[in-house]
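> Reminder that position 119 of the sequence shown reads as 174 in the working numbering, one-by-one numbering, no gaps.
Glycine included, every Cβ here is placed at the ideal spot set by N, Cα and C.
I'd like to ask you about the structure that follows.
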Amino acid sequence: AALGLARGIPLRALGIGALAGAAAGALGMGWMALVDVVPALRELRDASPQSQAVGSGEVSWILFALVVVAAPFFEEWLFRGFVYGGLRRTHGVARSVLASALLFAIVHPPLGLPAIFGLGVATALVLERTRVLWAAMATHAVYNAIVMTAHVLTS
């Protein structure tokens, strides 16, 4: 899959990516709500280094930019551009979507595994549909923006 800029900015593909990111973000917020109400999950969250690092709700603009811009760019380039693309050539869509999403989720904090796995599935399906890596990056960026904003507003 190419970045998709050879013929200009792929607005339709970016729109598909943004909509998928909003859907994945809604699922991510649902997971965050479940973590809040299940005592064992809430204890795990509160004990995690990530929670302690941004637990005050004071997230710098630099951190926000890294999470919403840089992380989606580099992670999608790696996980969808290389991992999914490589798997897709030999294992078909379903296996490649699931395997790349699982690998993606594994490299993130364990408590977020269900939500991050869902994001990985969404980004791979967006890439499969649009053939534009920017669209998967848009999915990831919108998801991260929603989850980060929700975290800041609820902390």
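1. I want to know whether the segment 79-90 touches the segment 151-164 - three or more CB-CB distances under 8 Å.
2. Could you say if the segment 118-132 and the segment 196-207 meet the contact criterion of at least three C-beta pairs nearer than 8 Å?
3. Helix, strand or coil for V93? Go by DSSP, reduced to three states.
4. Counting only runs that start and end within the segment 112-178, where is the beta strand (DSSP E) found for 3 or more residues in a row?
5. Kindly indicate the opening and closing residues of the alpha helix (DSSP H) around V202.
6. So what's P104 in DSSP terms, helix, strand or just coil?
7. Out of T209, V176, R184, which has the shortest C-alpha to C-alpha gap to G70?
8. Work out the CA separation of M203 and L121 for me, nearest whole Å.
Let me lay it out:
1. Too few Cβ pairs lie closer than 8 Å, so no.
2. These segments touch.
3. Residue mapping note: residue 93 aligns to position 38 of the sequence shown, counting from 1. Annotated three-state conformation of V93 is coil, per DSSP.
4. For the segment 112-178, not a single whole beta strand (DSSP E) run of length 3 or above is found.
5. Counting from one through the sequence shown, the residue named residue 202 turns up at place 147. It spans 188-209 - the alpha helix (DSSP H) in which V202 sits, taken as one unbroken run.
6. Mapped onto the sequence shown, residue 104 falls at position 49. Judged by DSSP in its simplified three-state form, P104 adopts helix.
7. By one-based count along the sequence shown, residue 70 stands at place 15. That would be R184, whose Cα lies nearest to the Cα of G70.
8. Locating residue 121 in the sequence shown gives position 66, where the first residue counts as 1. Locating residue 203 in the sequence shown gives position 148, where the first residue counts as 1. When rounded, the distance between both Cα atoms is 11 Å.
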